Amino acid sequence: MSVVEAKTDDRILVLAGRHRVLAALVLLIAFGALRYDNFLGAFNVSSVLRYNAMFALTGLGMCFVIMTGGIDLSVGTTAALASVVSAILSSYGVWPGLLGGLGAGLAIGLLNGFMVTRMRLLPFIATLSGMLAASGAALLIAHNRTVAASYETDFTVLGLGDLLGLPIPAWLAAAAYMIGSVVLNYTSYGRYVLAVGGNAEAARLMGLPAERVVFAVYVQSGLLAGLAGVLLAAQTNAGLPNEGVGWELSSIAAVVVGGTLLTGGEGSVGATLAGVLLLGLVFNILNFENGMGWISLSAYWQSVIRGAFLFLVIIAGAGGSGRRPGRLG
Amino acid sequence: MSEAPPLALPLASPRTKLSLQMRRHGAYWALILLVVFNLAATPHFASWQTLNVNLTQVATIVIVAVGMTLVIATGGIDLSVGSLMAISGALAPILFLSPFGSSHPVAGVAVAFVAPVLVTGLFGLFNGWFITRFRVQPIVGTLVLFIAGRGIAQVMTNGNLQAFKNPAFQFIGLGRVLGVPVQVILMLFLVAAAGWTLRKTLFGREILAVGGNEAAARLAGIPSDGIKRRVYMISGLCAGIAGLIVVAINSSSDANLVGLGMELDAIAAVAVGGTLLSGGQATVVGTLAGALTIQLLRYTLLANGVPDAAALVMKAAVIAGAVWLQRRGSAP
Numbered sequence: 033m034s035v036v037e038a039k040t041d042d043r044i045l046v047l048a049g050r051h052r053v054l055a056a057l058v059l060l061i062a063f064g065a066l067r068y069d070n071f072l073g074a075f076n077v078s079s080v081l082r083y084n085a086m087f088a089l090t091g092l093g094m095c096f097v098i099m100t101g102g103i104d105l106s107v108g109t110t111a112a113l114a115s116v117v118s119a120i121l122s123s124y125g126v127w128p129g130l131l132g133g134l135g136a137g138l139a140i141g142l143l144n145g146f147m148v149t150r151m152r153l154l155p156f157i158a159t160l161s162g163m164l165a166a167s168g169a170a171l172l173i174a175h176n177r178t179v180a181a182s183y184e185t186d187f188t189v190l191g192l193g194d195l196l197g198l199p200i201p202a203w204l205a206a207a208a209y210m211i212g213s214v215v216l217n218y219t220s221y222g223r224y225v226l227a228v229g230g231n232a233e234a235a236r237l238m239g240l241p242a243e244r245v246v247f248a249v250y251v252q253s254g255l256l257a258g259l260a261g262v263l264l265a266a267q268t269n270a271g272l273p274n275e276g277v278g279w280e281l282s283s284i285a286a287v288v289v290g291g292t293l294l295t296g297g298e299g300s301v302g303a304t305l306a307g308v309l310l311l312g313l314v315f316n317i318l319n320f321e322n323g324m325g326w327i328s329l330s331a332y333w334q335s336v337i338r339g340a341f342l343f344l345v346i347i348a349g350a351g352g353s354g355r356r357p358g359r360l361g
Numbered sequence: 016m017s018e019a020p021p022l023a024l025p026l027a028s029p030r031t032k033l034s035l036q037m038r039r040h041g042a043y044w045a046l047i048l049l050v051v052f053n054l055a056a057t058p059h060f061a062s063w064q065t066l067n068v069n070l071t072q073v074a075t076i077v078i079v080a081v082g083m084t085l086v087i088a089t090g091g092i093d094l095s096v097g098s099l100m101a102i103s104g105a106l107a108p109i110l111f112l113s114p115f116g117s118s119h120p121v122a123g124v125a126v127a128f129v130a131p132v133l134v135t136g137l138f139g140l141f142n143g144w145f146i147t148r149f150r151v152q153p154i155v156g157t158l159v160l161f162i163a164g165r166g167i168a169q170v171m172t173n174g175n176l177q178a179f180k181n182p183a184f185q186f187i188g189l190g191r192v193l194g195v196p197v198q199v200i201l202m203l204f205l206v207a208a209a210g211w212t213l214r215k216t217l218f219g220r221e222i223l224a225v226g227g228n229e230a231a232a233r234l235a236g237i238p239s240d241g242i243k244r245r246v247y248m249i250s251g252l253c254a255g256i257a258g259l260i261v262v263a264i265n266s267s268s269d270a271n272l273v274g275l276g277m278e279l280d281a282i283a284a285v286a287v288g289g290t291l292l293s294g295g296q297a298t299v300v301g302t303l304a305g306a307l308t309i310q311l312l313r314y315t316l317l318a319n320g321v322p323d324a325a326a327l328v329m330k331a332a333v334i335a336g337a338v339w340l341q342r343r344g345s346a347p
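Residue numbers (my numbering), protein chains in the order written: chain A, 33 to 361; chain B, 16 to 347.
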């Protein structure tokens, strides 16, 4: 794949970026562990992982989409739609609930892929439509109300259960990232994703199935958002048609913090996970800090801090890769 | 995915003429169709009240979308507008409810009109600085204030609802001049001013040149970074004005809700209106028509008993369909 090899420079930068994110994550965890008694306690670790697993899943889908040079604004409302569908189906058991949510995500993913590759809409507009359609569908199916999930089946175990001491949502997210990493680094699909994002026209001229690759990343993002929705329903025991507002932009932020460029062609699955955890830990540490009693920052500071964090990450990244001539915003 | 649009108008073959017509006027046709349909199907449609309701509801979206049109004309995008609305909406009541504002009612209200808009204008300038200084993609650059901006508004008010009754301030949202709501007048004024700027001034030409081909524009001596900073500042100013109107209408300011989702409504209006999202071609009047189309579609569906959720799905279809038609129209 000469397209990929020709970008050795970029890959080194990505590597550096990846390690920087990991280093920041390790520092933040070390800070928390030294400063707060229960930071690494089973309860805190478990609840942070359980909650952030959903954002890890939407972030993974977003990461692949962004690597092709696209964007997916629909992940939040797709998750909301999936939570409604799986909550309704949860009375039939775990599998119907799970598959129903995945099916809902698949449907929106197919719709997005169709609009981007067949109708040739800009990803931003296509997935904006997908976002509105998913939200409308969720509200229609749920009749504008929260839908209770079934307690009689084991459905809620998906969200609330543990396996070997870790929450099941964390296992699911970890599995998704393992698969995502292998797919990106060791399969032709992964190489095609990067090649298409690097230069779609060149990839097409080389005979790569560019359209199918682009279609596939939107389907993949839809499926992952669907799984996130299933976890949402299982954790809250409810289908929440109004949930998911702003998830898409938090997911994009996590991907950017992870060092994946929005121009496509480069990216790292692991760094995206680190980005998700970094943004999640900011909130967690804020809670602990308030608990210490020294300061009392309202929860509203978390958005300010997250925004400032994103700002710093971008500035730090711009020093390495942003100022090369020819790479314009 | 996106193909760069031709900066100059293509030579007028019949086909391109037709397609240009379609792109330029698609939103107007949709608007006319909706009006005709409503005249036939919706009872009591042809009334001043219907007109007033629709114009009043669409005014804030149009005001934000005017700034967004200029940003998109340079090939950028501004995701922070909703959060900036929350900031100006939070700041205004703080100012006129402050000790200074209560003891000097006139000056207090004047400051409450001017200061929040200046603040959001500065935030807009920050967006422009960030994007040009660090060569950040606009979607990422404005994401920072999208996330942090609402937080700033929430921190300023501690997340509390600020309720108020201040007729002088609320004139901007509830007042009327010769029977026309003030925000509608503001909206029309901003549309006219931006439309004139884009068509008749050097600044407008430079905006389109930067959006059409930035490298060429720069080689031609156009200060593209300065142009970009200015359009983001204008977008911030527009968002600030819209934030004032929203809290004035509501008689209260809720930092959690003011402007929520506005960025996408504004972008949708711009896209449906016929402005190219990749930059270089823009129409402010088209944006007005696009916003009115989306608004009237929702009104039509609600007036005819279609639930709001279904109206959302229809809105999605109309946005995708409109942009698809424009794409087909613009394909060589």
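A virtual CB, placed ideally from N, CA and C, is assigned to each residue, including glycine.
Just so you know, these numbers come straight off a predicted model, no measurement behind them.
Secondary structure of residue i, DSSP reduced to three states
| i | result |
| --- | --- |
| Gln177 (chain B) | strand |
| Gly271 (chain A) | strand |
| Ser95 (chain B) | coil |
| Ser368 (chain A) | For residue 368 (chain A) there is no data in the structure shown, the boundaries of chain A being 33 and 361. |
| Ser113 (chain B) | coil |
| Ser268 (chain B) | strand |
| Leu205 (chain B) | helix |
| Ile346 (chain A) | helix |
| Asn69 (chain B) | helix |
| Ala304 (chain B) | helix |
C-beta neighbour in chain B for residue i, strict 8 Å
| i | result |
| --- | --- |
| Tyr83 (chain A) | no |
| Phe343 (chain A) | yes |
| Tyr224 (chain A) | no |
| Gln252 (chain A) | no |
| Val288 (chain A) | yes |
| Trp333 (chain A) | yes |
| Val53 (chain A) | no |
| Gly258 (chain A) | no |
| Met210 (chain A) | no |
| Arg355 (chain A) | Low confidence applies to Arg355 (chain A): its pLDDT is 36, below 50, so where it sits in the model is not reliable enough to give any reading. |
| Arg67 (chain A) | no |
Alpha-carbon to alpha-carbon, residue j and residue i
| i | j | result |
| --- | --- | --- |
| Ile249 (chain B) | Ala88 (chain B) | 13 Å |
| Phe156 (chain A) | Ala169 (chain A) | 20 Å |
| Met324 (chain A) | Ala207 (chain A) | 35 Å |
| Leu316 (chain B) | Ser213 (chain A) | 46 Å |
| Ile346 (chain A) | Leu311 (chain A) | 14 Å |
| Tyr183 (chain A) | Ser123 (chain A) | 8 Å |
| Ile76 (chain B) | Val300 (chain B) | 13 Å |
| Gly101 (chain A) | Ala227 (chain A) | 10 Å |
| Ala263 (chain B) | Ile167 (chain B) | 20 Å |
| Thr149 (chain A) | Glu243 (chain A) | 6 Å |
| Val124 (chain B) | Val277 (chain A) | 34 Å |
| Leu216 (chain A) | Ala111 (chain A) | 24 Å |
| Trp211 (chain B) | Leu305 (chain A) | 48 Å |
Within-8 Å CB hit, residue i to chain A
| i | result |
| --- | --- |
| Arg244 (chain B) | no |
| Phe149 (chain B) | yes |
| Phe161 (chain B) | yes |
| Arg313 (chain B) | no |
| Leu317 (chain B) | no |
| Ile187 (chain B) | no |
| Ile167 (chain B) | yes |
| Ala231 (chain B) | no |
| Lys180 (chain B) | no |
Any non-hydrogen atom of the ligand SAH within 7 Å of residue i CB
| i | result |
| --- | --- |
| Val159 (chain B) | As presented, the structure is devoid of all ligands, the ligand SAH included, so that no description of it is given. |
Listed by chain order, chain D residues near residue i by CB distance under 8 Å
| i | result |
| --- | --- |
| Ile334 (chain B) | Absence of chain D from the displayed structure is noted, the protein chains being A and B. |
Do the segment 229-236 of chain B and the segment 101-115 of chain B meet, that is, are 3 or more Cβ pairs less than 8 Å apart? no
Completely contained alpha helix (DSSP H) runs for the segment 276-321 of chain A, where each covers 4 or more residues: 279-289
Inter-stretch contact (C-beta, 8 Å, three-pair minimum) for the segment 283-291 of chain A and the segment 135-149 of chain A: no
Contiguous beta strand (DSSP E) assignments of at least 3 residues, all confined to the segment 172-226 of chain A: none
Taking only runs that begin and end inside the segment 140-196 of chain B, name each unbroken beta strand (DSSP E) of 3 or more residues, in chain order. none
Residue ranges of each beta strand (DSSP E) run of no fewer than 3 residues wholly in the segment 85-140 of chain A, ordered along the chain? none
Below 8 Å, how does it come out for the segment 264-280 of chain A and the segment 60-79 of chain A: are there three or more Cβ pairs, yes or no? no
Counting Cβ pairs, one atom from each stretch, are 3 or more of them under 8 Å apart for the segment 246-266 of chain A and the segment 176-191 of chain A? yes
Closer than 8 Å is the cut-off here; do at least three beta carbon pairs connect the segment 279-287 of chain B with the segment 111-119 of chain B? no
Three or more C-beta pairs below 8 Å linking the segment 70-88 of chain B and the segment 296-310 of chain B: yes
Tell me, please, whether the segment 198-207 of chain B touches the segment 133-149 of chain B by the rule of three or more beta-carbon pairs shorter than 8 Å. no
With a threshold of 8 Å, are at least 3 pairs of Cβ atoms found where one atom belongs to the segment 92-100 of chain B and the other to the segment 260-280 of chain B? yes
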